[in-house]
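Protein chains in written order, with our numbering: chain A, 1 to 109; chain B, 1001 to 1115.
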């Protein structure tokens, strides 16, 4: 059974700082997704990582995938308040996604 | 392009009652999925439709849950009778058959509270 562990689960950081969210998974997969959720909103797709060594960047967020280590990271650079949200990683296996528990990020002024 | 639409957005029902959730996927998306997030835990898979057929329903918690997708368009998820532990947020997602580099599009969810 595929298991996905995300950490930290809660992250409070100051504006301007950098931080990394980690996503480990237990079995081989070549597709990993990062989503952002604001309260009461849908899961917004941030990144789709399709192969080992994939790195994608959008604004202050950068995601990478190491399929050999079964690890993905979501790096936040110079955080701003607008990045406050819950971030999920999800690994594709068969016809479904297996999600981590989510990281609730709060960026303080 | 309209996104994935779910309604109601919120539902509060008493234990033992019946509730039906609806999901309208993106037009042309043959894959439709239901997921659930209970009590702030991880989002868990419930089932997967390809067009009108159930491809995988291994995540359905028990026989109080019934999902349908008549005609391969919108889908409903009925909970009958509802129990307290069914409370949570129910998400629907859709995708094309061949996702390529695309992923899944999620709806905003239905928050179900059973009291």
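For glycine and all other residues, C-beta sits at the position ideal for the given N, C-alpha and C.
Nothing here was measured: the structure is a model prediction, and the numbers come from that model.
(Q) Could you tell me the alpha carbon to alpha carbon distance between residue 1052(B) and residue 37(A), rounded to whole angstroms? (A) Numbered from its first residue, the second chain carries residue 1052(B) at position 52. Numbered from its first residue, the first chain carries residue 37(A) at position 37. Taking the straight line from one Cα to the other gives about 29 Å.
Q | Uninterrupted beta strand (DSSP E) stretches inside the segment 1041-1072 of chain B (no shorter than 3 residues) | A | 1043-1050, 1053-1056 and 1065-1068
Q: List the DSSP bridge partners of residue 1031(B).
A: Here residue 1031(B) corresponds to residue number 31 of the second chain, with the count starting at 1. Under the DSSP definition of a beta bridge, residue 1031(B) partners with 1050(B) and 1095(B).
Q) Among 31(A), 57(A), 66(A) and 20(A), which one has its Cα closest to the Cα of residue 99(A)? A) The residue labelled residue 99(A) in the question sits at position 99 within the first chain. Taking only the C-alpha atoms, the option nearest residue 99(A) is 31(A).
Q: Below 7 Å between beta carbons is the criterion; list the residues of the segment 1042-1055 of chain B that meet it against any residue of chain A, in chain order.
A: Those residues of the segment 1042-1055 of chain B placed with their C-beta closer than 7 Å to a C-beta in chain A are 1042, 1043, 1045, 1048 and 1055, ordered along the chain.
Q.
Quick check: residue 1079(B) and residue 1065(B), are their CB atoms within less than 8 Å of each other?
A. The residue labelled residue 1079(B) in the question sits at position 79 within the second chain. The residue labelled residue 1065(B) in the question sits at position 65 within the second chain. Yes; because the gap between Cβ atoms is below 8 Å, this pair is in contact.
Q) Going by other Cβ atoms of all chains shown within 10 Å of its Cβ, with 16 needed for buried, is residue 1058(B) buried or exposed? A) The residue you call residue 1058(B) lines up with position 58 of the second chain. Residue 1058(B) is exposed by the Cβ-count criterion.
**Q.** Chain-ordered neighbours of residue 1104(B) on chain A, where CB pairs are closer than 8 Å
**A.** Within the second chain, residue 1104(B) is the residue found at index 104, counting from 1. Result: 33, 45 and 97.
Q: Compare the C-beta of residue 1011(B) with all C-beta atoms of chain A and state if any pair is closer than 8 Å.
A: As a working note, residue 1011(B) is residue 11 in the second chain. Taking Cβ atoms only, chain A never reaches closer than 8 Å to residue 1011(B), which makes this a no.
Q: Determine whether the Cβ of residue 1007(B) lies closer than 8 Å to any Cβ atom of chain A.
A: If you number the second chain from 1, residue 1007(B) lands on position 7. Not one chain A Cβ lies under 8 Å of residue 1007(B).
Q.
With a threshold of 8 Å between beta carbons, is residue 1108(B) in contact with chain A?
A. Counting from 1 along the second chain, the entry for residue 1108(B) is found at position 108. True, the Cβ-Cβ gap to chain A drops below 8 Å.
Q | Contact with chain A by residue 1065(B), beta-carbon distance below 8 Å | A | Position 65 of the second chain, counted from the start, is the residue given in the question as residue 1065(B). False, the Cβ-Cβ gap to chain A never drops below 8 Å.
Q | From 9(A), 35(A), 5(A) and 82(A), residue whose alpha carbon lies closest to that of residue 49(A) | A | One-based indexing of the first chain puts residue 49(A) at position 49. Checking every option, the nearest Cα to that of residue 49(A) belongs to 35(A).
Q. Using a C-beta cutoff of 8 Å, does residue 10(A) count as contacting chain B?
A. For this step, residue 10(A) is matched to residue 10 along the first chain. False, the Cβ-Cβ gap to chain B never drops below 8 Å.
Q.
Less than 8 Å between CB atoms is the rule here; does residue 100(A) satisfy it with respect to chain B?
A. Translated into the one-based positions of the first chain, residue 100(A) becomes position 100. Yes, residue 100(A) counts as interfacial toward chain B.
Q) Taking C-beta to C-beta, are residue 25(A) and residue 46(A) nearer than 8 Å? A) Your numbering for residue 25(A) matches position 25 in the first chain. Your numbering for residue 46(A) matches position 46 in the first chain. No, the pair does not count as a contact, with Cβ atoms beyond the cut-off.
Q | Extent of the continuous beta strand (DSSP E) run through residue 1078(B) | A | Counted from its first residue, the second chain places residue 1078(B) at position 78. It spans 1075-1079 - the beta strand (DSSP E) in which residue 1078(B) sits, taken as one unbroken run.
Q: Using three-state DSSP, classify residue 66(A) as helix, strand or coil.
A: Here the question's residue 66(A) lines up with position 66 in the first chain. In the structure shown, residue 66(A) sits in a strand (DSSP, three-state: E or B).
Q) Is the distance from the Cβ of residue 107(A) to the Cβ of residue 81(A) below 8 Å? A) For the purposes of this step, residue 107(A) is taken as residue 107 along the first chain, with counting starting at 1. For the purposes of this step, residue 81(A) is taken as residue 81 along the first chain, with counting starting at 1. Yes. Within cutoff.
Q. DSSP beta-bridge partners for residue 82(A)?
A. Reading the first chain from its first residue, position 82 is the one you call residue 82(A). Paired residue(s): none; residue 82(A) is not in a bridge.
Q) So is residue 1009(B) buried or exposed if we call it buried at 16+ other beta carbons inside 10 Å? A) Here the question's residue 1009(B) lines up with position 9 in the second chain. It is exposed - the Cβ of residue 1009(B) has fewer than 16 other Cβ atoms within 10 Å.
Q. What number of angstroms, rounded off, separates the C-alpha of residue 96(A) from the C-alpha of residue 1045(B)?
A. In the first chain, counting from the first residue as 1, residue 96(A) sits at position 96. In the second chain, counting from the first residue as 1, residue 1045(B) sits at position 45. Spanning the two alpha carbons is a distance of roughly 7 Å.
Q. Where does residue 1085(B) fall in DSSP's three states?
A. Working through the second chain from its first residue, we reach residue 1085(B) at position 85. Three-state result, residue 1085(B): helix.
Q. For the putative contact between residue 1011(B) and residue 41(A), defined by C-beta atoms under 8 Å, what is the C-beta separation to the nearest angstrom?
A. On the second chain, residue 1011(B) is found 11 positions in, with the first residue counted as 1. On the first chain, residue 41(A) is found 41 positions in, with the first residue counted as 1. The pair is not a contact, with the Cβ atoms about 18 Å apart (cut-off 8 Å).
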